[in-house]
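Peer 1: Protein chains in written order, with our numbering: chain D, -11 to 772; chain W, 280 to 473.
Using N, Cα and C, we set each Cβ at its ideal position, and we do this for glycine too.
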Amino acid sequence: MTRRAFGPVAAWLAVLAVAATVAASARYTADLSAFLPRSPSPAQQLLVDQLRDGVVGRVMLVAIEGADAGARAMVSRALAARLRADPRFAYVANGAADGAERERALLVEHRYLLSPAVTPERFTVTGLRQAIGDTLELVASSAGGLAQALLARDPTGEVAALAASHLAGATRPALAAGVWASRDGERALLVVRTAAAGADTDAQEATMQAVRTAFADVGPREAAAPVRLRMTGGGVFAVESRALIKGEVARVAALGVLLIATLLGFAYRSGVALALGLLPVLTGALVGVTAVATGFGLVHGITLGFGATLIGEAVDYAIYLFVQSGPAGDGRDAWRNESWPTIRLGVITSMVGFAALLFSGFPGLAQLGLYSVCGLGAAALFTRYVLPGLVPANLRVRDLAGVGAQIARAVAAAGRWRWVVPALCVAATVALLAQRDTLWAENLSSLNTVSLEDQDYDGRLRADLGAADARYLVVVEGRDEQDALRAAERTAAALAPLVAQGVIAGFDSPAHYLPSEATQEARASSMPEPSELRARLARALRGSPLRAARLEPFIADAARLRTGVRLRRADLEGTGLGVALDGLLLRRGEDWQALLTLRAPAAGPGALSVDAARVRDALIGSGALFLDIKTEADALYAGYLREAIALSATGVAVVLLALMVALRSAARVGRVAAPLGAAVLVAAATLASAGQVLNLLHLVGFLLVVAVGSNYALFFERAAAGGEGAHRVLASLALANATTVIGFGVLATSSVMVLRAIGTTVALGTLLALVFAALLSGARTDAR
Amino acid sequence: MQSHTSRTLAFAALLASALAAPAAPAWTLERLLAGFAQKGSARASFIEEKKLRVLDRPLISTGELRFEAPDILEKRTLRPRPELLRLEGDRLTLERGDRKLSLDLRSTPEAAAFIDSIRGTLAGDREALERVYRLRLEGNVRSWALTLTPLEPALAAWVQRIRIAGQRADVSVIEILQTNGDSTLMSMQPLAGP
């Protein structure tokens, strides 16, 4: 190391130390929040909240499989007991005794507060006669078991009315051996709510581990035959996706580094040069992650996945340095004067191209932008100012001028094939136009890393627990819990006509489980005082087989209503009703939110979907917000996609502008841009024709093709002349492209769709960019 | 609502035994059950009286019973209010007014015992029946009475005993006496045709 190099090296080491510290302590997440906007509309905000902090994200469904129902129930009870003792679990329910029994007891005890049928008219002489007559008919029927048992307490059939009315829509989990089980009876089920938010992936991972540990303890103890544990839920998916992406990135990066190192080792024939050549990659990746961690506070999984891909571009810089400087490095000053300005221009164009992504409202894309700008900048600066100082004076690399000369001859010969480029462009344009309607994936799930099998399993568990995914929501807000419940009751009144008209099949409301205090008060006061009630019963029961004297238990319950006993939220904890309520009545900062979930009609003209316009009409002026989660999420994604396409177009325009400033000739800019444009066009058409529906990640891939390919095009544009230096440049370009194709080709083998998308796009695109740049430059050499 | 399910199931088991009853030479439990096994489809009209301690008069309903081999069992009530209770394979459905309740019996292991007893009865499988009830047959071929006493605690908690009476092939009465003193008496008349 020369004295002159000491300053930059010291600075680099300092930067590296800081970056390593920041990167090591950064928080990494793999949840869907990467795809949620920074400045959302109220509907989007709700979507974000639900996914990030909402109860939805905190709920973990736990299934126990194997052995028999009895053994599974024992494990379920023991597991629930263990988890309840752990503060990381806010709530654990498995339907065991204190669930189902308490739930029924609650319904019976608070029936007059819960039932919407309770009005003053119900307890008039006429109302009582009607209600008791109906109850006796029910008792006579095959469905009369419970009504018969409760007849003396509940002659007006409020419990049956409750079961038949709104609570009927909420499907309850089946029971097997006294605990919740799937409909097919093959699994015992638990519902767990974590103390940590669903988006807190680290905490979710710790929570999952706690469940596994508890299960490993109690499973073999309670069941003779082997039992299996399975967990699903938003948080679980985030943890698993992160692990999958981490694993894939590690595998892909290791394989990529191995292959590239082998190639470079062969090309340089120097281990030192090889090791030094990887330093720009390391520097760029660390600085990129550090910039994202500092700028966003949180690094998304897909940003990291993208980090692995930076190898493709950053490794090129060292190749240019070593190969173009000649075998003994004696051409390093010439490299600095002649090649570096070209590389610098390539880096700047790449950076301005990616900088466009910084303006994305989509944190995932903005992170990619920041990562690329900082990572590429750092790698290039390192290569220019630090790396030469680290190269030992006696370093010898293989001279690739000979290889370059062969390439030059091939390029010149290929000149007569130049017509292939416009021909392919025309064919690609035709292919893209033919598929223009189905070219881009319009829904968010195209970026989902959760496997279809896992999604399906989750769906089945939710259906079994009656926790079907809530696609249609009406949201109302309140200053406090009671205010939100009253708002929910007003909204329910507005929705009732829609049920009658068949626009919706029904709806679930938090006030069904916990009526507001005002409503409870009104219902309680519908009940006359005991002496009056006795008198009315005597008249109502004239001619009935039921005698008023038998109904003292009813009178006692009615009297207790007047003592002010009311249903409180705490009463519902640990029951299925409590689970339902928790999902529908949420605290959000200072405010409270009530969610009413709508059920789509099962049959008829609008079956399985809800007419959003009619629901919105019904809610006008109520302050309630209607939300179709799926449409909203897809619209959100489609918005991002449009935004990303617009930003990419802007990026391309800025790149052209930068080239114009640097090259000062429209013709030269055209010569640089033509192969890049052609490469992107042909790559896109190839992917689309191969049946791939393009998504956001393909778009990012195209940007990367432009970034990497611009270096090729710039070198070809500048170094069309012959000579040893030019041959070395050609050889360096071929080598750089080979490493890029390997790096991204490896990515294309990943099982994670988002990584595969970038891999195929960039590997194909950069190869085309090099070939097209060569063909078009050959054309010029020919013409000269 | 578990006890309600159990109740319905136990009742279905009884209907199954009631509806399958051909004549047999020497009168033993084996003969009675073997006769059940041979019987295919059958129809009967019924009158059901529910006597509840809290009521002065019994509640009366009437309708029709139908068994279709091998595993469809229907109780169609016509008065006072139409209702259809149907057991087909593992699925129990109840239609009453515009409400329809459906239950997959496999989801409740408690129910499995009763399904076995239904199937057992229809197949003339005495062992299956004796897993759920203690059986006692009295009388002769012209007038017999089979008493079933539940063994399962869940069932024994609400059913004290069940009495099925008939002549030769025909079941004429099923009586269920509950532990709380309430009782149900179902009288039936065979109908021609399927």
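1. Can you pull out the residues from the region 363 to 375 of chain W whose beta carbon lies closer than 8 Å to at least one beta carbon of chain D?
2. Apart from the five residues on each side of it in sequence, which residues of its chain come closer than 7 Å, Cβ to Cβ, to leucine 721 of chain D?
3. Could you give the residue range of the beta strand (DSSP E) that holds proline 429 of chain W?
4. Could you spell out where the beta strand (DSSP E) holding methionine 467 of chain W opens and where it closes?
5. What are the partner residues of phenylalanine 495 of chain D, as DSSP defines its beta bridges?
6. Could you check whether glycine 54 of chain D and proline 214 of chain D sit closer than 7 Å to each other, using their CB atoms as the reference points?
7. Check whether the Cβ of serine 677 of chain D lies closer than 7 Å to any Cβ atom in chain W.
8. Are there 16 or more other CB atoms within 10 angstroms of the CB of phenylalanine 350 of chain D, so buried, or fewer, so exposed?
9. What does the alpha-carbon distance come out to for the pair tryptophan 323 of chain D and alanine 745 of chain D?
10. Pick helix, strand or coil for asparagine 725 of chain D, following the three-state DSSP scheme.
11. Which residues in the same chain have their Cβ closer than 7 Å to the Cβ of alanine 476 of chain D, if we skip the five residues on either side of it in sequence?
12. Can you find the residues in the same chain that come closer than 6 Å, C-beta to C-beta, to phenylalanine 342 of chain D, ignoring five residues on each side of it along the sequence?
13. Would you say arginine 345 of chain W faces chain D, with C-beta separation under 7 Å as the test?
14. Between the C-alpha atoms of alanine 140 of chain D and valine 462 of chain D, what's the straight-line distance to the nearest angstrom?
15. Look up asparagine 419 of chain W in the DSSP assignment and give the residues it is bridged to.
16. Can you list the residues of chain W that glutamine 136 of chain D reaches, using a CB-CB cut of under 8 Å?
17. Between which two residues does the alpha helix (DSSP H) containing threonine 201 of chain D stretch?
18. Between glutamate 795 of chain D and alanine 198 of chain D, what straight-line distance do the alpha-carbon atoms span, to the nearest angstrom?
19. Rounded to whole angstroms, what's the CA-CA distance from asparagine 794 of chain D to glycine 753 of chain D? Just pull it up for me.
20. Between the C-alpha atoms of alanine 672 of chain D and alanine 344 of chain D, what's the straight-line distance to the nearest angstrom?
21. Look up alanine 381 of chain D in the DSSP assignment and say whether it is helix, strand or coil.
22. To the nearest angstrom, report how far apart threonine 387 of chain W and serine 504 of chain D are at their CA atoms.
23. Does any CB atom of chain D fall closer than 7 Å to the CB of serine 324 of chain W?
24. Compare the C-alpha of tryptophan 168 of chain D against each of D:Gly115, D:Glu193, D:Ala451 and name the closest.
25. For phenylalanine 254 of chain D, is the classification buried or exposed, using 16 other Cβ atoms within 10 angstroms of its Cβ as the cut-off for buried?
26. Contact between the region 361 to 373 of chain D and the region 332 to 339 of chain D is defined here as three or more beta-carbon pairs at a separation below 8 Å; is this criterion met?
27. Below 8 Å on the Cβ atoms is my contact criterion, and I expect aspartate 304 of chain D with threonine 728 of chain D to pass it. Report the Cβ-Cβ distance as a whole number of Å.
28. Just to confirm, are threonine 195 of chain D and threonine 17 of chain D a CB contact at a threshold of 7 Å?
29. Quick one, are the C-beta atoms of alanine 661 of chain D and alanine 281 of chain D less than 7 Å apart?
30. Buried or exposed for alanine 762 of chain D, going by 16 or more other Cβ atoms inside 10 Å?
31. By Cβ distance below 7 Å, which residues in the same chain neighbour glycine 627 of chain D in space, the five residues on each side in sequence not counted?
32. Count the other CB atoms within 10 Å of the CB of aspartate 318 of chain D; is the residue buried (16 or more) or exposed (fewer)?
33. Let me make sure I understand the geometry here. Which of D:Val385, D:Ala600, D:Pro663 has the alpha-carbon closest to that of valine 409 of chain D?
34. Considering only the beta carbon of each residue, do alanine 424 of chain W and alanine 444 of chain W sit closer than 7 Å?
35. Is arginine 336 of chain W close to chain D? Criterion is C-beta to C-beta, closer than 7 Å.
36. Which ranges would you report for the alpha helix (DSSP H) in the region 301 to 350 of chain D if only whole runs of at least 4 residues count?
Peer 2: Taking the geometry as given:
1. Leu364, Leu373, Arg375
2. Tyr700, Phe703, Leu758
3. 422 to 429
4. 462 to 470
5. D:Leu586
6. yes
7. no
8. buried
9. 35 Å
10. helix
11. Val464, Ser497, Pro498, Ala499, Ala582, Leu584
12. Gly357, Ser360, Val361
13. no
14. 39 Å
15. W:Ser422
16. Lys329, Leu331, Asp461
17. 189 to 210
18. Residue 795 of chain D falls outside the range modelled here, since chain D spans only -11 to 772, and no answer is possible.
19. This structure does not reach residue 794 of chain D, given that chain D is present from -11 up to 772, and the question cannot be answered.
20. 21 Å
21. coil
22. For threonine 387 of chain W, the pLDDT reaches just 49, beneath the cut-off of 50, and the residue's location in the model is therefore unreliable, leaving the point undetermined.
23. no
24. D:Ala451
25. exposed
26. yes
27. 7 Å
28. no
29. no
30. buried
31. none
32. exposed
33. D:Pro663
34. yes
35. yes
36. 328 to 343
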